[in-house]
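These notes concern the structure reproduced below.
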Amino acid sequence: MNKLTRRTLPAIALAGVMMLLATGCVAGENSAAAEANASAGSEWSTSTLSIDFATYNPLSLIVKDQGLIEKALGDSVSVEWVQSAGSNKANELLRSGSIDVGSTAGSAALLARSNGSPIHVIDIFSQPEWSAIVVPSGSAITSVADLAGKSVAATVGTDPYFFLIQALATEGLTLNDIQLQNLQHADGRAALDAGSVDAWAGLDPIMAAAESGSGDKLLYRNVDFNSYGFLNASEQFLTDHADVAQVVVDAYEEARTWAVAHPTETAALLAKVADIDVAVATTVIEQRSNLEVSGIPGDAQLAVLKVIAPVLVDSGSVQGGEDAVDAALDTIVDARFAEKATAGK
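Throughout the sequence shown, residue numbering follows mature numbering (1 follows the signal peptide of the UniProt record, and there is no 0), covering -27 to -1, 1 to 318 in sequence.
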């Protein structure tokens, strides 16, 4: 049974809604869905929720591991968890409707919305330093300038990719000056270790594992070139199922409180899911992740995205150019769920 079929209202519930509409008894936003679900014996506007988890999003691991969403929704809503291998994959899943809620870097979310993907950021899950330029131990490459003419792996459409573009610009270089290999994050590390590429635009926790396990070195770091961790949802999901979207954001805020109070346990969970050493996971959680950042998306995130916006345009990644990016910046944030979730804290 596909996603659309699973979300179609039972015939009897739909008939009930149509009868109420005909008699003028239903009014207000989402009232039809509410009446239909009441007829079907559910307090929620949908019977299914598809959401991602990712090792670059520690809060997602906590929400999933502790069953926070399932506890809140009860048996009437089936929760499907889908692993995202990177922001580009999460964007693909969101755009296709395979998931309702997905986690990406802010830069990737802006790219997706600029290119027409109808998504909004509804919560901030971290302020990380998760990207850097990585080279093998003993590499003759000692500066960004040395990357000219070299083969560099990066996952197009993700924070490490845009980090790479910005890093190259510090030395007056562009992507045209290197040999870009578009590889998924884990494949980028494998290619680096195999000697198939000279450098890699890395992403934690894979990057931290490469440092520890392979002795790879971080050639270039710049926390300002990293964007925030965005939790995104499709516009249709937010319109049709705002009640469930609120449950998701509430769960994220509960997970954030737990993670801040339990960094050791959070690192252990990351180590387990990512299959990395606990010491590596501890580095990611305690040194390269700021989980205490406010979950409410707004001016701080937009300020970073406005710096990245010209990079997106100049790279040719946005079909509509500057106008499309500006429109995306004006519409990408939907803070109401996080504001409600954090009210009184």
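Every residue gets a Cβ at the ideal spot worked out from N, C-alpha and C, and that includes glycine. If you're wondering where the values come from, they're calculated on a predicted model, not measured in any experiment.
Beta-carbon separation (whole angstroms), residue i vs residue j, contact threshold 8 Å
i, j, result
"residue 107", "residue 177", "At roughly 11 Å, the Cβ-Cβ gap does not stay under 8 Å, so residue 107 and residue 177 are not in contact."
"residue 45", "residue 223", "7 Å"
"residue 206", "residue 92", "7 Å"
"residue 87", "residue 285", "6 Å"
C-alpha distance - residue i paired with residue j, whole-angstrom precision
i, j, result
"residue 221", "residue 23", "11 Å"
"residue 171", "residue 163", "12 Å"
"residue 121", "residue 25", "37 Å"
"residue 157", "residue 230", "31 Å"
"residue 78", "residue 65", "14 Å"
"residue 165", "residue 126", "8 Å"
"residue 288", "residue 16", "47 Å"
"residue 150", "residue 73", "38 Å"
"residue 292", "residue 263", "33 Å"
"residue 112", "residue 232", "37 Å"
"residue 71", "residue 115", "42 Å"
"residue 5", "residue 155", "Only weak support exists for where residue 5 lies, its pLDDT of 44 falling under 50; the value from the coordinates is given anyway. Looking at the two C-alpha atoms, the distance is approximately 46 Å."
"residue 243", "residue 255", "9 Å"
"residue 61", "residue 317", "35 Å"
"residue 31", "residue 144", "33 Å"
"residue 315", "residue 237", "24 Å"
Proximity of residue i and residue j at Cβ, strictly below 8 Å
i, j, result
"residue 200", "residue 275", "no"
"residue 218", "residue 136", "no"
"residue 183", "residue 133", "no"
"residue 76", "residue 57", "yes"
"residue 82", "residue 210", "no"
"residue 21", "residue 49", "no"
Burial state of residue i (16 or more Cβ within 10 Å)
i, result
"residue 226", "buried"
"residue 99", "buried"
"residue 10", "Low per-residue confidence applies at residue 10: pLDDT is 45, beneath 50, and the placement is therefore not dependable, though the value from the model is reported in the following sentence. Residue 10 should be labelled buried."
"residue 245", "exposed"
"residue 319", "This structure gives no information on residue 319, because the portion of the chain shown stretches from -27 to 318."
"residue 239", "buried"
"residue 307", "buried"
"residue 260", "exposed"
"residue 251", "exposed"
"residue 283", "exposed"
"residue 96", "buried"
"residue 214", "buried"
"residue 268", "buried"
Any chain B beta carbon closer than 8 Å to residue i
i, result
"residue 149", "Of the protein chains in the structure, only one exists, and it is not chain B."
Runs of alpha helix (DSSP H) lying entirely within the stretch 36 to 82, each at least 4 residues, in chain order = 41 to 46, 60 to 69
Considering only residues of the stretch 231 to 294, which uninterrupted alpha helix (DSSP H) runs meet the minimum length of 4 residues and lie entirely inside it, listed in chain order?
-> 236 to 247, 251 to 260, 272 to 287
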